[in-house]
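So the structure is just underneath, and the comments pick up after that.
Residue numbers (this note's numbering): 1 to 272.
Following this line, the structure appears as structure tokens:
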């Protein structure tokens, strides 16, 4: 039922159309803004199509999905050593081995163990859609705003292939060459703000996905080991999920599985 339907019905009933108010996302009343120019100079700028589309999408996700964010840290001291040791392999292929590329592999391993994170809720049919493929969206910051290109079939690609593809899609995004197809079909999303600073934030679920992983800036922390303090590199991780499908305990289990993989990456080669 649209507002036009209500106004037409009101006309038939002889109701005052001014009594019919429009509403914003989630059935909330639209905010009536004051005249800001009363208090000082202002400037208006039209929102770009990309910014408006993102605003509508995020608004729908925020008001329709009960968000829960679970945060923790992974000890990536050994992983960072391996990343630097083998980074030249990615550089030889024309890309840089980043923590986001590594996270793509680790996330898929966790998704296979916890398939409810790789699903979508079909409200109309009261069903859960479990996806048998692993397409991961990666948030990319551009001069026009945030875009989320999708890396497809992550489980079928090795780390070097993922590193190169991630670099290519990020460049494509910043050059404004992404197609609509490039940004559709994700089953899970990763957003990494570590390069901008800060440890923790609350990522918004990229519906119709049911979960998103946030990555903060890694830093050195002292840890008491065998009677002495040692410097360890910690990586802040945040998993935001749709509480309609994912319970708190499962959110914690998913995160602990992810942390275990960051701290002991050889487990992937063991099929663990």
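Here a beta-carbon is modelled for each residue, glycine too, at the ideal position from N, C-alpha and C.
- request: Go through its chain and collect everything with a Cβ distance to residue 116's Cβ below 7 Å, but skip five positions before and after it.
  value: Along the chain shown, one-based indexing puts residue 116 at 116. Contacts found: 245, 246 and 250.
message: Taking the alpha-carbon of residue 178 as reference, which of 150, 259 and 194 has the nearest alpha-carbon?
response: The sequence position of residue 178 within the chain shown is 178, counting from 1. Nearest option by C-alpha distance: 150.
- request: Report buried or exposed for residue 158, applying the criterion of at least 16 other Cβ atoms within 10 angstroms of its Cβ.
  value: Counting from 1 along the chain shown, the entry for residue 158 is found at position 158. When all chains shown are included, residue 158 counts as exposed.
task: From the DSSP output, read off the bridge partner residues of residue 68.
output: Against the chain shown, residue 68 aligns to sequence position 68. In DSSP, residue 68 forms a bridge with 241.
message: Tell me the rounded alpha-carbon separation between residue 18 and residue 53.
response: Translated into the one-based positions of the chain shown, residue 18 becomes position 18. Translated into the one-based positions of the chain shown, residue 53 becomes position 53. With a pLDDT of 49 at residue 18, under the threshold of 50, the modelled position of this residue cannot be trusted, and the question is left open.
Local conformation of residue 129 per DSSP, three classes: Locating residue 129 in the chain shown gives position 129, counting from the first residue. Strand.
query: Among the residues of its own chain, which have a CB less than 8 Å from the CB of residue 74, if the five just before and after it don't count?
result: Here residue 74 corresponds to residue number 74 of the chain shown, with the count starting at 1. The answer, listed in chain order, is 234, 235, 237, 258, 259, 262 and 263.
- request: Use the C-beta contact count for residue 37: other C-beta atoms within 10 angstroms, 16 or more gives buried, fewer gives exposed.
  value: Here residue 37 corresponds to residue number 37 of the chain shown, with the count starting at 1. Classification of residue 37: exposed, given that the 10 Å Cβ count is below 16.
- prompt: Bridge partners of residue 235, per DSSP?
  reply: On the chain shown, position 235 is the one that residue 235 refers to. DSSP output for residue 235 lists 74 as bridge partner(s).
task: List in chain order: all unbroken alpha helix (DSSP H) runs of 4+ residues lying wholly within the stretch 130 to 218.
output: 159 to 174
message: Within a Cβ cutoff of 8 Å, which residues of the same chain sit near residue 220, ignoring the five residues on either side of it in sequence?
response: Indexing the chain shown from 1 puts residue 220 at position 220. 231, 232, 233 and 234, listed in sequence order.
- prompt: Taking the alpha carbon of residue 145 as the point to measure from, which residue in 163, 208, 202 and 170 has its own alpha carbon closest?
  reply: Against the chain shown, residue 145 aligns to sequence position 145. Measuring from the Cα of residue 145, the nearest candidate turns out to be 170.
field: Contact between the stretch 200 to 212 and the stretch 78 to 96 (3+ Cβ pairs under 8 Å)
entry: no
query: Quick one: what's got a C-beta closer than 6 Å to residue 120's C-beta in the same chain, skipping five residues either side?
result: Position 120 of the chain shown, counted from the first residue, corresponds to residue 120. Contacts found: 129 and 208.
query: Going by DSSP, which residues form a beta bridge with residue 122?
result: Here residue 122 corresponds to residue number 122 of the chain shown, with the count starting at 1. BP columns for residue 122 point to 127.
- prompt: Exposed or buried, what is residue 205 when buried is set at 16 or more other beta-carbons lying within 10 Å of its beta-carbon?
  reply: In the chain shown, the residue the question calls residue 205 occupies position 205. Classification for residue 205: buried.
- request: Go ahead and pull the three-state DSSP assignment for residue 93.
  value: On the chain shown, residue 93 is found 93 positions in, with the first residue counted as 1. Of the three classes helix, strand and coil, the one that applies to residue 93 here is coil, per DSSP.
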